[in-house]
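If you read the protein sequences in the order shown, they are chains A and B.
Take the first sequence: its position 18, counted from the start at 1, is 17 in numbering that gives the first Met the number 0, and no numbers get skipped.
Take the second sequence: its position 155, counted from the start at 1, is 154 in numbering that gives the first Met the number 0, and no numbers get skipped.
No residue lacks a Cβ here, since even glycine has one placed at the ideal position from N, Cα and C.
2 protein chains.
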Amino acid sequence: MAKISRTAGSKATIYDIAKLAGVNPSTVSRALAKPGRVSAKTQKLVEDAAAELNYSVNPFARALPTGRTNTFGLIVSDITNPIYFDIIRGAEAAASLSGFTMILAESAESADTELTVAQRMLPATDGVILASPRMPDARIRELAEGKPVVVINRSIEGIGSVVPDVDPGIGEAVRHLAANGHRKLAFVGGPKQSWMAARRWESFRAACEWSRLESVLLPATSPTLDGGRRAARDVMGSGATSALCYNDLLAIGLMQELQAASVKVPDEFSVIGFDNIFGSDFTTPQLSTIASPLRECGAAALELLLAALPGTATETGKPAPSARLLELRTTLVARGSSGRLLASAAG
Amino acid sequence: MAKISRTAGSKATIYDIAKLAGVNPSTVSRALAKPGRVSAKTQKLVEDAAAELNYSVNPFARALPTGRTNTFGLIVSDITNPIYFDIIRGAEAAASLSGFTMILAESAESADTELTVAQRMLPATDGVILASPRMPDARIRELAEGKPVVVINRSIEGIGSVVPDVDPGIGEAVRHLAANGHRKLAFVGGPKQSWMAARRWESFRAACEWSRLESVLLPATSPTLDGGRRAARDVMGSGATSALCYNDLLAIGLMQELQAASVKVPDEFSVIGFDNIFGSDFTTPQLSTIASPLRECGAAALELLLAALPGTATETGKPAPSARLLELRTTLVARGSSGRLLASAAG
DNA sequence: CTGAAAGCGCTTACAG
DNA sequence: CTGAAAGCGCTTACAG
């Protein structure tokens with residue numbers, strides 16, 4: 000191949016640096032890759048030369064011999080779902096602290112797409128984080144045989160898992176409603192197959208029981224604004240005076256429909272959502288909701304992934320930290336859509 | 000190095016395939032990389048062997064000799080900004096059609112971060128798309144010297160640019176307001192330095208002039224809910240009976256504050272936003288807004304990028320398609336927050 | 001159409 | 001601490 004002269008676009012290599020610094024390329028590699036394995040003098044020589052040549056490492060050349068990419072993948076189930084914003088940011092912030100680069104992708108709520116995307120990502124990364132994965136456990140375990148895999152919003156035995164602990168937030172919400180005179184509480188449910196939906200309902204039911212309140216489960220057709228609107232009739236017919244919804248979208252749709260039917264929120268009916276999504280403060284009144292520590296979830300997932308990287312010395316007895324289940328507290332964000340039940344409305 | 004036996008985790012190479020298929024590794028490479036340069040019989044031999052070994056190409060090994068990664072980067076200014084959802088999806092969909100993988104990153108609205116991220120991304124990709132870049136033109140041109148760069152929501156001479164054409168949507172909005180009895184219209188402005196903000200105001204002013212309506216520019220402290228709330232006083236004091244806002248967040252904040260002051264929307268005042276963001280239908284009434292073809296913007300940006308890749312035969316006379324400016328139509332989404340001005344409110 | 005060989009830019013035992 | 005060499009897994013002129 001014809002020798003190309005060094006122009007604006009072409010890149011300097013460690014050989015160029017070696018020549019300029021008067022050392023061997025392998026020494027340049029050592030100085031650049033892991034400072035400390037080279038004399039201070041040589042280090043400086045190399046760094047100066049690198050700076051002068053405006054050197055930056057070729058990531059592909061580096062990854063080829065080592066297999067390490069310093070990159071991880073994050074696959075979310077739906078890029079438009081606001082709960083992922085902070086998960087993304089938390090993971091990304093934690094990553095850049097460790098010199099890792101994040102590759103983001105979405106599965107558009109399809110288990111098949113999720114698998115395809117994960118398989119495509121894995122070879123180009125050191126591992127992946129799956130946020131609210133839709134694949135079956137078994138498939139995720141298979142993926143995890145090759146490289147580290149961590150899941151968020153799901154707990155899988157033997158796989159690093161980060162899930163919000165819904166109990167604290169739900170407990171707060173139920174006590175808040177009880178304190179405001181509510182005696183019968185509805186739960187507008189999420190998708191049937193959703194692991195998280197089951198968990199939220201179960202926690203709600205238990206909290207109501209504990210507080211000696213009546214609870215009722217009302218399924219929704221879909222976890223969307225429209226699902227919330229359509230659930231309004233059942234909610235009103237249930238005799239409950241307040242509802243906790245599986246997610247904020249349901250809660251907002253429900254509130255819209257109640258208001259359309261001239262039901263005053265919160266004077267006559269209290270509505271509480273889940274997730275504290277972007278836009279949950281757009282409504283009038285603003286939506287009360289249970290918030291997960293999403294940023295922390297993202298960061299924790301990355302830590303788990305890092306801990307699972309080969310080379311991390313934890314081949315001891317107990318399960319590797321990478322196979323741990325991490326539970327992070329949720330909290331109630333009380334805003335305008337929930338509050339005291341006016342006496343006139345109780346009947 | 001000790002020979003490692005092939006276990007679940009380790010990967011097959013083209014040498015393994017070559018051995019199994021009884022051909023030379025270079026033939027395997029040809030068969031896999033660009034089918035058609037090999038006899039049908041050999042092709043099948045190779046493919047079968049590859050399938051049997053569960054082969055997948057090592058992206059780093061492939062990228063090293065060629066420099067081609069089949070990957071592109073998309074940098075958005077703020078991952079939490081809903082206008083990027085559809086841009087991301089549009090680009091990603093167009094990309095996977097061409098066998099390209101997307102790497103997503105955000106700059107958190109910082110020009111410095113944006114540059115850092117872009118510089119880190121460029122070596123690992125074939126080019127990047129910058130959505131609403133915050134860097135100065137000159138810096139973007141520098142980046143573009145090395146590899147293809149395309150911008151969205153900004154027009155830079157000599158750089159592939161995709162911008163929504165705001166005129167159609169704004170024209171619709173102004174005619175809609177005029178038809179509903181509004182004579183004086185306010186524009187709640189965006190960030191001073193924002194290219195797009197200037198463009199929107201200018202288009203609005205021109206449309207009002209054309210319709211012989213009075214227009215007034217009211218700056219906002221920031222393009223947020225809070226900025227919208229704080230602009231309410233000025234808006235009410237301006238004598239206008241309707242407002243177009245630089246973005247939906249401003250419009251929603253403005254509407255909230257008006258309603259808090261018992262101004263009826265839209266009977267006494269009409270509010271129109273811009274961007275049709277996630278959540279713009281959470282409000283009561285739902286927000287009227289001007290929508291950009293964001294998905295198309297994302298897809299178009301990717302096409303421009305692809306066209307700019309070396310090897311794309313367009314070294315002809317006129318500016319490469321990659322240096323083109325693409326303008327995509329906006330439209331009005333009329334919902335509940337805008338409409339007829341009641342006579343009683345006109346005075 | 002297919003083989004044999006060189007090379008992409010780095011890392012890492014192996015010597016010294 | 002540093003050099004010389006081999007190798008990571010592919011691609012692509014060059015021959016035939």
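Residues of its chain near residue i, where Cβ-Cβ distance is below 6 Å and the 5 sequence neighbours each way are ignored
| i | result |
| --- | --- |
| Gly316 of chain B | Residue confidence for Gly316 of chain B is low, a pLDDT of 46 falling below 50, so the modelled location carries little weight; the figure read from the coordinates is stated next. Here the set comprises nothing. |
| Leu19 of chain A | Ala48 |
| Ala143 of chain A | Ile158 |
| Val27 of chain A | Ile13, Ile16, Ala17 and Val45 |
| Pro24 of chain A | Ile13, Tyr14 and Ala17 |
| Phe59 of chain A | none |
Cutoff 7 Å; reference residue i; Cβ partners in own chain excluding five residues on either side
| i | result |
| --- | --- |
| Thr112 of chain A | Ser106 |
| Tyr83 of chain A | Val75 and Ala130 |
| Ile276 of chain B | Pro81, Ile82 and Asp247 |
| Cys296 of chain B | Ile86, Gly89, Ile151, Val161, Pro163 and Leu327 |
| Thr68 of chain B | Ala62, Ala123, Thr124 and Asp125 |
| Arg339 of chain B | Asn179 and Gly180 |
| Ala177 of chain A | Ser210 and Leu212 |
| Arg36 of chain A | Arg29 |
| Pro167 of chain B | Arg328, Thr329 and Thr330 |
| Gly238 of chain B | Lys183 |
| Asp225 of chain B | Gly252 |
| Leu341 of chain B | Asp266 and Glu267 |
| Lys146 of chain A | Leu121, Asp125 and Gly126 |
Opening and closing residue of the alpha helix (DSSP H) in which residue i lies
| i | result |
| --- | --- |
| Ser202 of chain A | Trp194 to Trp209 |
| Gly227 of chain B | Leu224 to Gly236 |
| Gly338 of chain A | From DSSP, Gly338 of chain A is part of no alpha helix (DSSP H); its letter is neither H nor E. |
| Lys18 of chain B | Ile13 to Ala20 |
| Ser25 of chain B | Pro24 to Ala32 |
| Ser95 of chain A | Ile82 to Leu96 |
| Ala298 of chain B | Leu293 to Ala307 |
| Phe59 of chain B | Pro58 to Thr65 |
For residue i: DSSP bridge partner residues
| i | result |
| --- | --- |
| Asp164 of chain B | B:Arg328 |
| Ser269 of chain A | A:Ser241 |
| Glu105 of chain B | B:Val75 |
| Ile276 of chain B | According to DSSP, which records beta bridges pairwise, Ile276 of chain B is partnered with nothing at all. |
| Ser287 of chain B | B:Ile271 |
| Phe186 of chain B | B:Leu216 and B:Leu243 |
| Gly159 of chain B | B:Val149 |
| Thr100 of chain B | B:Thr70 |
| Ala130 of chain B | B:Val75 and B:Ile151 |
Cβ neighbours of residue i in the same chain (closer than 8 Å, five flanking residues each side left out)
| i | result |
| --- | --- |
| Met254 of chain A | Gly227, Val264, Val270, Thr282, Leu286 and Ser336 |
| Ala242 of chain B | Leu184, Ala185, Phe186, Val187, Leu217, Val234, Ala250, Leu253, Phe268, Ser269, Val270 and Ile271 |
| Ile169 of chain B | Arg199, Ser202, Phe203, Ala206, Leu243, Ile289 and Thr329 |
| Val262 of chain A | Met235 and Phe268 |
| Ala21 of chain A | Reading off the sequence shown, one finds Gly at residue 21 of chain A, where the question assumed Ala. Taken in chain order, the residues that qualify are Leu44. |
| Ala333 of chain B | His175 and Ser287 |
| Gln258 of chain A | Val264 |
Span of the beta strand (DSSP E) around residue i
| i | result |
| --- | --- |
| Leu253 of chain A | No beta strand (DSSP E) holds Leu253 of chain A; the alpha helix (DSSP H) holding it covers Asp247 to Ala259. |
| Val150 of chain B | Val148 to Ile151 |
| Ala123 of chain B | Segment: none, Ala123 of chain B is in no beta strand (DSSP E) and carries neither H nor E. |
| Thr41 of chain B | Careful: Thr41 of chain B lies outside any beta strand (DSSP E), inside the alpha helix (DSSP H) at Ala39 to Leu52. |
Contact between the stretch 151-164 of chain A and the stretch 130-141 of chain A (3+ Cβ pairs under 8 Å)
As far as the Cβ criterion goes, the stretch 151-164 of chain A touches the stretch 130-141 of chain A, which means the pair count is three or higher.
Closer than 8 Å is the cut-off here; do at least three beta carbon pairs connect the stretch 11-19 of chain A with the stretch 38-55 of chain A?
yes
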